[in-house]
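Visitor: Encoded as structure tokens, here's the structure I'll be asking about.
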Amino acid sequence: MKTEIFERLIGQTKLRSNSKAEIIQLNRSEKAFIDEDKKSIELAEAIFAENNMFHFRKPGSATDYILHKLINDRKLLEEMKDRGTSIIRLFSLLSMYRGLPKCYVVRKEGCITEFGILTYIDECLESVPLEDFILIESSSYLEYILFDNDNIRNRLAEDLTEDKTKLDIFVNGILAMKNSDLVLSCINKIQGLNEEARNYVSRLQKKTC
5 MKTEIFERLI GQTKLRSNSK AEIIQLNRSE KAFIDEDKKS IELAEAIFAE NNMFHFRKPG
65 SATDYILHKL INDRKLLEEM KDRGTSIIRL FSLLSMYRGL PKCYVVRKEG CITEFGILTY
125 IDECLESVPL EDFILIESSS YLEYILFDND NIRNRLAEDL TEDKTKLDIF VNGILAMKNS
185 DLVLSCINKI QGLNEEARNY VSRLQKKTC
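In the numbering used here, the protein residues as written are 5 to 213.
Here it is in structure tokens:
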């Protein structure tokens, strides 16, 4: 993604004008989102990618919320660069088989102050902040998506077998969760992967661990 594309997409968000200007200035002065760092570019691309977990209306309210959080929370920005991009890309892939999780949005004076994802924790439906959901809750939700839906599992297996790039995204996204057991359990559950794809996943996991 080029800087001018990023700035144009920022302009299309529903953020206030001063927030848009702050994001653009932060990127121009500190290269927070777009620079020579691959992770920085990936983060920006993931935020504005088609068919991602911020879908519905691109760029929608989830995008606005995350961008606003990132310009005010440097720690979150670095966490998203460190491992969030792979997880976002993983959800981008999965969103082709399942829609955005149920969520709720709280607005105050036109700004989104809260964005919660409704997810099951210890068998109870609870709200998790979007930024926590991306970085923390994604592994349990991933298991729920994959293991409980034969149709999603079969379509995903077919897709990953045919497209090595998507297989990269999928496996690296799981590895980014720092849970190698989840890699094996997911791949074992997705029986549709051909032998070449399964061997590739095994090599990648050994290399990363």
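The C-beta atom is built at its ideal place from N, Cα and C for all residues, glycine as well. Since we're looking at a predicted model, the values are computed, not measured.
DSSP three-state call for Lys169: helix, strand or coil?
Guide: The identity of residue 169 in the sequence shown is Thr, whereas the question assumes Lys. Of the three classes helix, strand and coil, the one that applies to Thr169 here is helix, per DSSP.
Visitor: Which first and last residues belong to the beta strand (DSSP E) in which Tyr108 is found?
Guide: Here the beta strand (DSSP E) through Tyr108 covers 107-112.
Visitor: How is the beta strand (DSSP E) around Tyr124 delimited, first residue to last?
Guide: Run containing Tyr124: 115-125, per the beta strand (DSSP E) assignment.
Visitor: Within a Cβ cutoff of 8 Å, which residues of the same chain sit near Lys24, ignoring the five residues on either side of it in sequence?
Guide: Excluding positions up to five away in sequence, the list reads Ile14, Gly15, Thr17.
Visitor: Report the rounded CA-to-CA distance for Thr7 versus Glu200, giving the unit in angstroms.
Guide: Computed Cα separation, rounded: 38 Å.
Visitor: From Ile173 to Asn203, what does the alpha carbon distance come to, in whole angstroms?
Guide: Each residue's alpha carbon lies about 16 Å from the other.
Visitor: Take every Cβ of the segment 73-90, pair it with every Cβ of the segment 123-130, and state whether three or more of those distances are shorter than 8 Å.
Guide: The answer is no - the segment 123-130 does not touch the segment 73-90, with fewer than three Cβ pairs under 8 Å.
Visitor: Short of 7 Å in beta carbon distance, which residues of its chain neighbour Leu30, apart from the five on each side in sequence? Order them along the chain.
Guide: Here the set comprises Ala36, Ile75.
Visitor: Using only alpha-carbon positions, find the residue among Met100, Met181, Ile28 that is nearest to Asn155.
Guide: Of Met100, Met181, Ile28, the residue nearest in Cα terms is Met100.
Visitor: Report all residues from its chain with a CB closer than 7 Å to the CB of Arg93; omit the five preceding and five following residues, and keep chain order.
Guide: Ala50, Ile173, Gly177.
Visitor: Of all the options Leu19, Leu97, Leu122, which has the alpha carbon lying nearest to the alpha carbon of Lys73?
Guide: Checking every option, the nearest Cα to that of Lys73 belongs to Leu19.
Visitor: Kindly indicate the opening and closing residues of the beta strand (DSSP E) around Leu129.
Guide: Its beta strand (DSSP E) spans residues 128-133.
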